[in-house]
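Remarks on the structure that follows.
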Ligand SMILES: Nc1nc2c(ncn2[C@@H]2O[C@H](COP(=O)(O)OP(=O)(O)OP(=O)(O)O)[C@@H](O)[C@H]2O)c(=O)[nH]1
Ligand SMILES: [Mg+2]
């Protein structure tokens with residue numbers, strides 16, 4: 035059976051997109067899916083299942099009185115899909131760039147993504163919220179990338195910076211808060227069910 039479904043299209047006709055699209059990039063195994071799972075579901079697993087691409091949705095608050103949908107795309111760490119990366123960049127409003135503090139190479143692998151971001155977004159890049167994120171901060175004994183280096187690069191690139199642990203649930207909410215706070219065109223804040231005692235009561239009420 036043919037199903038016609040165009041989520042967001044009706045609201046696209048309004049002054050701004052009802053969806054706020056965030057794409058999460060980074061090398062394979064740095065913990066992109068773990069961070070997204072921790073943020074969206076509050077769970078963590080030691081199993082490693084490589085991702086092709088997954089999208090998650092969550093209702094957030096927009097300009098104080100409205101809600102909009104935070105759409106998070108968890109991308110693949112494989113370099114085999116540059117066309118998918120390009121599409122996620124062109125569709126995305128904001129970006130999380132993840133490396134693992136235990137792998138200097140994973141930081142280096144963000145280079146091509148940053149180049150692609152600059153190329154696709156052009157001059158608008160200065161207004162695009164981006165946070166550089168060093169994950170696996172619980173693995174201090176295996177650290178290869180100092181916090182100072184991460185901060186320095188973020189300063190050079192003009193992005194936010196945070197170190198996280200999906201495993202220990204350390205700075206995960208803060209990562210997304212920091213990202214949304216960088217959006218200047220609208221005021222976006224998280225209003226999740228498990229936060230703010232009942233403030234998330236509109237969660238299931240959005241009609242697309
Ligand atoms: N110690 C520790 N391990 C983590 C952390 N985050 C993720 N991991 C582990 O790292 C492995 C890879 O995690 P994923 O979240 O699947 O990595 P990914 O970046 O999504 O990988 P791809 O989908 O292949 O690109 C898994 O075994 C996770 O359990 C963390 O904060 N600390
Ligand atoms: Mg993944």
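In this note's numbering, the protein residues as written are 35 to 242. Each residue gets a CB set at the ideal place from its N, CA and C atoms; glycine is no exception.
Compute the Euclidean distance between the alpha carbons of residue 190 and residue 153, then round it to the nearest angstrom.
-> The residue you call residue 190 lines up with position 156 of the chain shown. The residue you call residue 153 lines up with position 119 of the chain shown. C-alpha separation (whole angstroms): 17 Å.
N- and C-terminal bounds of the alpha helix (DSSP H) containing residue 154 | The sequence position of residue 154 within the chain shown is 120, counting from 1. Residues 145-155.
Report yes if the C-beta of residue 67 is less than 7 Å from at least one heavy atom of ligand 2; otherwise report no.
-> Position 33 of the chain shown, counting from 1, holds the residue named residue 67. Yes, Cβ of residue 67 sits closer than 7 Å to a heavy atom of ligand 2.
What did DSSP end up calling residue 105 once you bin it into helix, strand or coil?
-> Walking along the chain shown from the start, residue 105 turns up at place 71. Looking at residue 105 - three-state DSSP - the assignment turns out to be strand.
Hey, could you find the ends of the alpha helix (DSSP H) residue 120 is sitting in?
-> For this step, residue 120 is matched to residue 86 along the chain shown. Taken as a continuous stretch (DSSP letters only), the alpha helix (DSSP H) holding residue 120 covers 116-125.
Any idea which residues DSSP pairs residue 139 with across the strands?
-> For the purposes of this step, residue 139 is taken as the residue at position 105 of the chain shown. Its beta-bridge partners do not exist; DSSP assigns none.
To which residues of the same chain is residue 187 closer than 7 Å at the C-beta, ignoring the five residues directly before and after it?
-> Translated into positions along the chain shown, residue 187 becomes position 153. Excluding sequence neighbours, residue 187 sits near 166.
Give the DSSP bridge partners of residue 78, in chain order.
-> On the chain shown, position 44 is the one that residue 78 refers to. Partner(s): none; residue 78 has no beta bridge.
Does the beta carbon of residue 85 fall short of 7 Å from some heavy atom of ligand 2?
-> On the chain shown, position 51 is the one that residue 85 refers to. Checking every heavy atom of ligand 2 against the Cβ of residue 85, one is found closer than 7 Å.
Identify the continuous beta strand (DSSP E) that holds residue 94 and give its terminal residues.
-> By 1-based counting over the chain shown, the position of residue 94 is 60. Run containing residue 94: 87-96, per the beta strand (DSSP E) assignment.
Take the Cβ of residue 208 as the centre, count every other Cβ of all protein chains shown within 10 Å, and call the residue buried at 16 or more, exposed below.
-> Residue numbering aside, residue 208 sits at position 174 when the chain shown is read from its first letter. Exposed.
Alpha-carbon spacing of residue 77 relative to residue 161, whole angstroms = Within the chain shown, numbered from 1, the residue matching residue 77 stands at position 43. Within the chain shown, numbered from 1, the residue matching residue 161 stands at position 127. Between residue 77 and residue 161, the C-alpha separation is close to 32 Å.
Would you kindly work out how many angstroms separate the C-alpha atoms of residue 179 and residue 196, rounded to a whole number?
-> Position 145 of the chain shown holds residue 179. Position 162 of the chain shown holds residue 196. Those two C-alpha atoms are separated by around 13 Å.
In whole angstroms, what separates the C-alpha of residue 242 from that of residue 219?
-> The residue given as residue 242 occupies position 208 in the chain shown. The residue given as residue 219 occupies position 185 in the chain shown. With a pLDDT of only 39 at residue 242, under 50, the local geometry of the prediction cannot be trusted, and the value read off the model is given with reservation. About 22 Å.
Do you know how far the Cα of residue 98 is from the Cα of residue 144?
-> In the chain shown, the residue the question calls residue 144 occupies position 110. In the chain shown, the residue the question calls residue 98 occupies position 64. Computed Cα separation, rounded: 34 Å.
CB of residue 135 within 8 Å of CB of residue 168, strictly = As a working note, residue 135 is residue 101 in the chain shown. As a working note, residue 168 is residue 134 in the chain shown. For residue 135 and residue 168, yes; Cβs fall inside 8 Å.
Kindly indicate the opening and closing residues of the beta strand (DSSP E) around residue 223.
-> Position 189 of the chain shown holds residue 223. Residue 223 -> beta strand (DSSP E) spans 222-224.
Look at the alpha carbon of residue 64 and the alpha carbon of residue 214, and state the distance between them as a whole number of angstroms.
-> Counting from 1 along the chain shown, the entry for residue 64 is found at position 30. Counting from 1 along the chain shown, the entry for residue 214 is found at position 180. Answer to the nearest angstrom: the Cα atoms are 22 Å apart.
Quick one: grab the DSSP three-state call for residue 177.
-> For the purposes of this step, residue 177 is taken as the residue at position 143 of the chain shown. In this structure, residue 177 counts as coil in the three-state DSSP scheme.
Could you check how far apart the C-beta atoms of residue 125 and residue 55 are, in whole angstroms? I think they sit under 8 Å.
-> If you number the chain shown from 1, residue 125 lands on position 91. If you number the chain shown from 1, residue 55 lands on position 21. Indeed they touch by this definition, with Cβ atoms about 6 Å apart.
What residues match up with residue 169 in a beta bridge as DSSP calls it?
-> If you number the chain shown from 1, residue 169 lands on position 135. Beta-bridge pairing links residue 169 to 134.
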